[in-house]
Every structure is written in structure tokens, then in C-alpha cells.
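In the working numbering, the protein residues as written are 307 to 704.
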């Protein structure tokens, strides 16, 4: 495993990090045996940065249990996050300790290596946290040793990102960044500005898996013609490791084959490894993707659950699949994701425009408007009729 330096602390962080949002599970319950195998194999191969969050169901508990059981806590850096979406009070007194202490308990540790403010979107949000006393709270935790370094994950505009990094002595930034999103959110300019001050960890390197398994056939062909031995995921990861400003690439690997492939890629990757021919390949692939991707949903599920039961990410994924994999494939995906064969429907037709989802979307997608578009495209009268028949045959009610 190769490592890149945290210039603030001197920590050597593995160029590949393990995202713990989606550990192996069965019917929503974490498969601890597979999870332990995954974590311990990653550590054995040199991965030393593990990213989790208070809001990821079962994630902190699973990671903490494995690290304690195998006595390897001191071999890794744990990053977890303060759930800012839980703070809705207008009061100047907010209980940060409640969530921090729960994270410590779940992780079975007495300190966090990198504690992040989860999903900062703009200066207004950061100023509100400062009003509530976050700076003094962080200072006390750092003095006690409970927090080693403090950082933030970001989902907002480039200009707001620049303002946030200038306003505080941050010690790590986590941004969404990939070859499709080079100028989206913090973007390449934000990456460079942050890297001049602190380590930068990349999330969504594969855009929720879309740059690995959901590319248009034309894009896959372009990659294969350029290098038949390198997968689309490998191309996406190499694009990031090529940039010296990237400290570590966070990948939500939940299967051993994914972990093995990414470790193999990380072992060979280095800054500046891509040439002009490689860069032209990415340009061609981008042209292909942009012709097919209509809604920029990454499937992060921050908008969920919907109060009415709409499967928002599933609806958007199905809609995009129409353009990348064909109408029939998109319909098949939609039938499964929207509840045609389930007791309770998850159709976008159920949306009442309550507005709960949109403020939670890191991609700033106009969810309510796009759900109408999806419904028109994927639920014309004959599709609704097929759904009615399917539920009637299966004895389901809508």
C-alpha cells in the first residue's frame, strides 16, 4: 500500500481508504463475519483510514466491534462525523456531546482521529454552528485528547467551499470528486485550495458506483479499447490518484473482489502517472456519459426515508438507466424499485411535494420536479396497468 502525508500531523494515510457506509449485510442486518473479514484483510494489506458516521446504520458499531476484537485500534485512523442534520434547534445551547459520546461508545474507543462536521453546505450553516459554540467545544475535546484532528465533509458550491476553508483552522476536508464531477461542488479549484492547507479525502470516486457498473456501453467500449486489462472503476480511481492534491480515495468496498481490485490498483498508482493519451480517453468517456445521464443522483440515500414511501434514488437510477442501458432495462429496474411487486408502492406518483427531501440532497437535485419527470417517463398508463395486473396476480395491494 502507498501512503500520502498529512502535512499537519505527519500521519501517513493510505492512498486507498475504506468507506464504512455499506458494510456487507443480509436484509439490512450487518453480516459481521463478512464485515470482519473485509476490515481485517484491508488492514493486513495496509489500508489504515476508515470512514464512518453517526448516521450510517450499524456502521460505527460494526467497525468498533471488529477493531476491539482483533486489538487493532491503534493501527488505524478512524474518521466519523457529527450529524449536523440532527441539530434543528434555534437555541444557542446544542448538545454536541450526545452524539459524540454515542460515537465513542459504538466505536469502543476513547478518541477519534479525524472528527468531521457532517455535510456542511455553506457559510450560513457553519456560522450557525459557531453561534452554538462548536469552536469552544472542539477546543475542549482536542485539549482532552478525545479528538485528534477536526475536519468537515462538504456538499455545496465552490464559492461556499472556499469561504469555509478560510474561516477555520481545519485539519481535513472531505469532498465529492471524480472525473465526471471535476467542476461540481468544491471541484478541482476547491481541491487545490484545500490541499494547500490540509489533507483532502475524496468521497464518491465512482459516483455511487455509476462510473463502475452503470456506464453507457459506448463509454465502456472506449475504456476497453484503451486498456483491456483496466476496469472502468480502475480508470476512475487512477484519475484521482494521478493528482498530487488527493491524499486518499474513499471507496465503499463491501465485497472482497472489490477490495482486492482496489488494493492492487492503489499499489501501482502514483501522482502524475497519466499521460495526454490517457486524458483524451477520459474526455471521450465524458462525452458519452453526458449524452445519457439525466439526473445526477449518486444513490447516497440522504433524502430517505420519504414520508410517503417514494423510493427516490431507485426512481432516479431507473430513469438514468433508460438512457444508458435502454428503455426495457430501465423499466425492469423501475418495476422492482417502485413497488410493482411489493405490498406497498414506492412510486414517485405518491409524492405530495412536502419538500422534506430537497434540503438533504448533497447534489442539490430538484427532487420534487424530477420525480414528476420520472413518473411521466416511466409510468405512462400502460405501465400503471401492468403494475396493477402484477399486484393483482401476486395478491399485492397498492
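For glycine and all other residues, C-beta sits at the position ideal for the given N, C-alpha and C.
All of these numbers come straight from a predicted model, not from anything done at the bench.
Can you check whether the CB of residue j is closer than 8 Å to the CB of residue i?
{"i": "residue 328", "j": "residue 636", "result": "no"}
{"i": "residue 602", "j": "residue 495", "result": "no"}
{"i": "residue 369", "j": "residue 423", "result": "no"}
{"i": "residue 453", "j": "residue 418", "result": "yes"}
{"i": "residue 546", "j": "residue 484", "result": "yes"}
{"i": "residue 524", "j": "residue 623", "result": "no"}
{"i": "residue 590", "j": "residue 522", "result": "no"}
{"i": "residue 512", "j": "residue 551", "result": "no"}
{"i": "residue 420", "j": "residue 383", "result": "yes"}
{"i": "residue 358", "j": "residue 326", "result": "yes"}
{"i": "residue 352", "j": "residue 307", "result": "yes"}
{"i": "residue 412", "j": "residue 350", "result": "no"}
{"i": "residue 429", "j": "residue 473", "result": "yes"}
{"i": "residue 476", "j": "residue 456", "result": "yes"}
{"i": "residue 562", "j": "residue 388", "result": "no"}
Looking at the secondary structure, which residues open and close the beta strand (DSSP E) in which residue i lies?
{"i": "residue 459", "result": "453–460"}
{"i": "residue 508", "result": "506–509"}
{"i": "residue 480", "result": "479–482"}
{"i": "residue 555", "result": "554–557"}
{"i": "residue 311", "result": "309–311"}
Across which residues does DSSP place residue i in a beta bridge pair?
{"i": "residue 570", "result": "The partner list for residue 570 (beta bridge, DSSP) is empty, contrary to what the question assumes."}
{"i": "residue 389", "result": "424"}
{"i": "residue 323", "result": "556"}
{"i": "residue 331", "result": "336"}
{"i": "residue 418", "result": "453"}
{"i": "residue 318", "result": "311"}
At what residues does the alpha helix (DSSP H) containing residue i begin and finish?
{"i": "residue 465", "result": "464–473"}
{"i": "residue 378", "result": "From DSSP, residue 378 is part of no alpha helix (DSSP H); its letter is neither H nor E."}
{"i": "residue 403", "result": "402–413"}
{"i": "residue 430", "result": "429–437"}
{"i": "residue 676", "result": "673–684"}
{"i": "residue 356", "result": "First-last for residue 356: 355–357, but that is the beta strand (DSSP E), not the alpha helix (DSSP H)."}
{"i": "residue 604", "result": "Element bounds for residue 604: n/a, residue is neither H nor E."}
{"i": "residue 538", "result": "538–547"}
{"i": "residue 345", "result": "338–350"}
{"i": "residue 493", "result": "493–501"}
{"i": "residue 669", "result": "Here residue 669 belongs to no alpha helix (DSSP H), and DSSP marks it neither H nor E."}
{"i": "residue 583", "result": "582–596"}
{"i": "residue 655", "result": "Where residue 655 is concerned, there is no enclosing alpha helix (DSSP H), given that its DSSP letter is neither H nor E."}
{"i": "residue 524", "result": "523–532"}
{"i": "residue 517", "result": "516–519"}
Using the C-alpha atoms, what's the distance from residue j back to residue i?
{"i": "residue 634", "j": "residue 684", "result": "10 Å"}
{"i": "residue 414", "j": "residue 360", "result": "13 Å"}
{"i": "residue 507", "j": "residue 616", "result": "32 Å"}
{"i": "residue 608", "j": "residue 362", "result": "10 Å"}
{"i": "residue 686", "j": "residue 333", "result": "31 Å"}
{"i": "residue 679", "j": "residue 534", "result": "37 Å"}
{"i": "residue 458", "j": "residue 517", "result": "25 Å"}
{"i": "residue 665", "j": "residue 612", "result": "13 Å"}
{"i": "residue 324", "j": "residue 676", "result": "32 Å"}
{"i": "residue 374", "j": "residue 656", "result": "45 Å"}
{"i": "residue 337", "j": "residue 583", "result": "43 Å"}
{"i": "residue 614", "j": "residue 386", "result": "30 Å"}
{"i": "residue 626", "j": "residue 662", "result": "23 Å"}
{"i": "residue 667", "j": "residue 673", "result": "8 Å"}
{"i": "residue 509", "j": "residue 316", "result": "22 Å"}
{"i": "residue 702", "j": "residue 487", "result": "Any reading at residue 702 must be qualified, since the residue scores a pLDDT of 47, below 50, and its modelled position is unreliable; the value itself is stated next. Going from the Cα of residue 702 to the Cα of residue 487 covers about 41 Å."}
{"i": "residue 354", "j": "residue 554", "result": "10 Å"}
{"i": "residue 403", "j": "residue 439", "result": "12 Å"}
{"i": "residue 519", "j": "residue 632", "result": "15 Å"}
{"i": "residue 654", "j": "residue 630", "result": "21 Å"}
{"i": "residue 578", "j": "residue 592", "result": "20 Å"}
{"i": "residue 379", "j": "residue 310", "result": "20 Å"}
Answer yes or no: does any C-beta atom of chain C fall closer than 8 Å to that of residue i?
{"i": "residue 366", "result": "Looking at the structure shown, chain C is missing, and only one protein chain is on hand."}
Ignore the nearest five residues each way along the sequence and tell me which others in residue i's own chain have a CB closer than 7 Å to its CB.
{"i": "residue 499", "result": "468 and 471"}
Excluding the five sequence neighbours on either side, which residues of its own chain have a C-beta within less than 6 Å of the C-beta of residue i, listed in chain order?
{"i": "residue 605", "result": "514 and 619"}
{"i": "residue 491", "result": "482"}
{"i": "residue 460", "result": "426, 467, 481 and 492"}
{"i": "residue 340", "result": "330"}
{"i": "residue 312", "result": "319 and 505"}
Can you give me the Cβ contacts of residue i inside the same chain, cut-off strictly under 8 Å, excluding the 5 residues immediately before and after it?
{"i": "residue 566", "result": "none"}
{"i": "residue 568", "result": "322, 539, 543, 557 and 559"}
{"i": "residue 431", "result": "390"}
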